[in-house]
Amino acid sequence: MSAILALVPIRAGVLPSGGAEVVAEAQGRALLVGEGATEAAEALAGIATHLRAWETPGFAPGEWANRLAPVLRDEAVVLLPASPDGRDLAPRIAAVLERPLLAGAMEIRPGSVSTIRYGGRVLSEHLVNGSVVVTLQPGVRGVEHAHGLAAALEFITPPVVDAAVSDAILEELLPPDVSTMDLSEAPRILGGGAGLDSAERFEQLAQVAALLQASAGATRVITDRGWIAHTRQIGTTGVVVDPRLYIAFGISGAVQHTAGLGQPDHIISINMDEHCPMMDLADLALVADANETLQALQQRLLALQDSQRTAQV
């Protein structure tokens, strides 16, 4: 496939989920758009080799697409992360450039792109002969940080385009609610599997997750039972995640699940089967009953919360 340019929307100097991965996939060629480009560039040290940035406030995908069109016109492949902002911006970029959009890519190879469809149940291969816009699923590629300094940052200002654009007006940016945020964006996740014994146990999992300022997820067998919403299903047939911390309660580690975990910085697994795949993946593996461990953890966290409240009085 021809040369790729990574287009990365940023907010307050923070890369979106999958941001570093698309830059790595583009062999270090990237254009950052949003606020805080200098800070975001530091997170790409050792990854980015040719880095440009458009420093602009807020998030206005319609305006951005129109103004970026002349900059992107000669790029054969424009690659964005399939983060919430990336998914908003990508179709607008594809429309103004009048080229196909291949959304939800799992793999990019010379002349073809593989994408997931039907909730992850189908992997489609698309032959590419021409210019395209692609979004890459976070966590599917991974990133190896090379030693080195951040690439020199070149700031650009795309020309103003006289075109009617309708963008939402951002009144206020609220902090994410960990109980409802997209799992692909969650930095900390507590996952539950068949080792947890009831729907009530998953309510407890969500409560413990909230105490840890983490999000709750589950394996497919649990969502199929209706014990937790399908939007919280982790894996190639659900949501592909890439948290900094993943705690697995009673998850054996089927390949459909582990393939959707990305590359967490830390994995903790609680399971009675010390030889299951999830225990092999874990940085810390506890051979224990997941139900009892979850119960004890909740009690300990609630006690800690009460003691902190007492100390503040």
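Just so you know, we're using my numbering here: the sequence shown kicks off at 572 and counts up by one.
Just so you know, even glycine gets a beta-carbon here, dropped at the ideal spot from N, CA and C.
All values reported here derive from a predicted model rather than from experimental measurement.
* Leu868: first and last residue of the uninterrupted alpha helix (DSSP H) it sits in -> Ala861 to Gln883
* Quick check: the stretch 789–803 against the stretch 830–843, are there 3 or more CB pairs under 8 Å? -> no
* Applying the criterion that 16 or more other CB atoms from any shown protein chain within 10 Å of the CB defines a buried residue, is Arg803 buried or exposed? -> buried
* Asked: Whose CA, out of Leu724, Leu651 and Val731, lies closest to the CA of Val704?
  -> Leu651
* Among Ala595, Leu578 and Gln869, the one whose alpha carbon lies nearest that of Gly710 -> Ala595
* Through-space distance from Ser878 to Glu771, alpha-carbon basis -> If you take the alpha carbons of Glu771 and Ser878, they lie about 26 Å apart.
* Within 10 angstroms of its Cβ, does Val604 collect 16 or more other Cβ (buried), or is it exposed? -> buried
* **For Leu643, the first and last residue of its enclosing alpha helix (DSSP H)** => Pro632 to Leu643
* In its own chain, which residues sit with a C-beta less than 6 Å from the C-beta of Gly584, not counting the 5 before and 5 after it? -> Gly607, Glu610 and Ala611
* In angstroms, rounded to a whole number, what distance separates the CA positions of Ser588 and Ser654? -> 6 Å
* Asked: Does the distance from the C-beta atom of Ala624 to that of Phe773 stay below 8 Å?
  -> Cβ atoms of Ala624 and Phe773: not closer than 8 Å.
* Beta-carbon separation of Ile664 and Leu643 under 8 Å? -> yes
* Keeping to the same chain, check which residues put their C-beta closer than 8 Å to that of Ser750; ignore five residues upstream and five downstream. => Closer than 8 Å at the Cβ level, and outside the excluded window around Ser750, lie Ala777, Ala780, Ala781, Ser786 and Ala787.
* Asked: Contact check, Ser685 vs Leu694 under 8 Å by CB: the rounded distance?
  -> At roughly 6 Å, the Cβ-Cβ gap stays under 8 Å, so Ser685 and Leu694 are in contact.
* To do: Using alpha carbons as the reference points, say which of Glu634, Thr807, Arg815 and Glu626 lies closest to Glu756.
  => Arg815
* **Contiguous alpha helix (DSSP H) assignments of at least 4 residues, all confined to the stretch 825–854** => 826–829 and 848–852
* **Simplified DSSP assignment, three categories, for Gly657** => helix
* First through last residue of the alpha helix (DSSP H) which encompasses Val594 -> Gly590 to Glu596
* Nearest-angstrom Cα separation, counted from Ala825 out to Leu857 -> When rounded, the distance between both Cα atoms is 18 Å.
* Own chain residues within Cβ distance below 6 Å of Leu578, not counting five before or after -> If we look at Leu578 and ignore the five residues flanking it on each side, its Cβ neighbours are Leu602, Val649 and Leu651.
* Can Val900 and Arg638 be called in contact, C-beta distance under 8 Å? -> In the structure as shown, the chain starts at 572 and stops at 884, and residue 900 therefore has no counterpart that could be examined.
* To do: On the DSSP bridge assignment, give the partners of Ala577 in chain order.
  => Ala601 and Leu650
* **Selected residue, minimal CA-CA separation from Ala789, among Ala591, Leu783 and Gly763** => Gly763
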